[in-house]
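A short write-up of the structure that comes next.
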Amino acid sequence: MTPLCIVLVMILLATTKCDKCDPDIPSRSLSKSILHDVALGRVSSSPPGRCGPGHYQDEHSNECKPCADGTFVTRQMSEENVLFSCKLCLIPGQNEVTAIPCNTTRDTTILCQPNYYRAEVNRSRCEWTCSLCGVCGVGTNTHLSDVAQPCGNYSNTICCKYEDMKTVNGTCVVKPTSTKVLTPATEMTTPPTPEQTKSSWIEGHGRDWSSSSTARNAAPRAVTRTDRYTTCVISLVYLSSVYIRGLLS
């Protein structure tokens with residue numbers, strides 16, 4: 001391969017995105033790696049599909065040989081290119097765990113440790129990394145307090161959109177409004193006991209009796225004063241009449 005071709009392939013490698021994910025490579029993309037092998041001449045010019053999945057073509061003998069443990073060739077890889085070597089299986093990285101071990105025809109399936117989920121790398125549908133799960137009610141989700149979907153596998157935590165929402169069977173619904181009716185405050189009273197009733201009766205009637213007695217006692221005093229005033233007037237009238245008769249006689 002000429003240097004110009006290698007340069008063109010490397011440019012293609014740098015700008016190529018994963019448009020078609022290999023179903024047997026679930027946790028990463030090998031498209032750039034294979035293009036790199038093409039650029040370096042590590043791919044046979046023989047018609048693809050000759051050796052099949054789980055095999056590679058020996059560069060010297062052109063014979064198809066099986067992949068060793070810890071390496072693989074998928075069906076899609078064997079149909080698109082003839083490889084001179086098998087690919088190493090993916091090993092878990094930071095915050096990653098092996099969900100399904102690899103075999104000679106399929107790469108390792110990687111998932112994440114608790115509190116992490118598989119997130120796309122650069123919006124690629126074929127490359128993934130472990131990202132920390134979001135927490136409802138914290139950080140950018142301060143006002144989102146209820147979890148609609150827990151974090152795990154390939155999904156981050158999903159919080160209800162609004163603060164007044166809650167989850168019912170995994171679905172966010174608006175919390176029902178309070179049906180409590182506010183009523184005016186009322187003063188609670190208890191019926192009086194017989195003793196209290198008797199005491200109240202005595203007190204009330206005592207006041208009435210006292211008032212009547214006062215009225216009775218006050219009446220004679222009023223009459224006495226009136227009598228004295230009347231007597232005085234009569235006396236004056238009598239004396240006046242006597243005086244007048246004396247003058248006329």
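With the UniProt record's numbering, letter number 110 in the sequence shown gets 110, and the count goes up by one each step, no holes.
The C-beta atom is built at its ideal place from N, Cα and C for all residues, glycine as well.
These figures come from a predicted structure and were not determined experimentally.
Report the partner residues of residue i according to the DSSP bridge assignment.
| i | result |
| --- | --- |
| residue 55 | 66 |
| residue 120 | 128 |
| residue 50 | Paired residue(s): none; residue 50 is not in a bridge. |
| residue 72 | 87 |
| residue 103 | 106 |
| residue 158 | 149 |
| residue 171 | 168 |
| residue 112 | 96 |
Check whether the Cβ atoms of residue i and residue j sit closer than 8 Å, and answer yes or no.
| i | j | result |
| --- | --- | --- |
| residue 147 | residue 133 | no |
| residue 27 | residue 21 | no |
| residue 129 | residue 121 | yes |
| residue 102 | residue 72 | yes |
| residue 263 | residue 51 | The requested residue 263 does not occur in the structure, where the chain is confined to residues 1 to 249. |
| residue 24 | residue 76 | yes |
| residue 164 | residue 174 | yes |
| residue 106 | residue 157 | no |
Taking the beta carbon of residue i as the centre, do at least 16 other beta carbons fall within 10 Å, making it buried, or is it exposed?
| i | result |
| --- | --- |
| residue 78 | buried |
| residue 123 | exposed |
| residue 114 | exposed |
| residue 236 | exposed |
| residue 55 | buried |
| residue 241 | exposed |
| residue 234 | exposed |
| residue 59 | exposed |
| residue 110 | buried |
| residue 188 | Caution is warranted here: a pLDDT of 31 is assigned to residue 188, below 50, making its placement in the model unreliable, and the coordinate value is therefore given only provisionally. Exposed: under 16 other Cβ atoms inside 10 Å. |
| residue 118 | buried |
| residue 82 | buried |
| residue 116 | buried |
| residue 155 | exposed |
Can you give the beta carbon distance from residue i to residue j, rounded, assuming they're within the 8 Å contact cut?
| i | j | result |
| --- | --- | --- |
| residue 86 | residue 67 | 4 Å |
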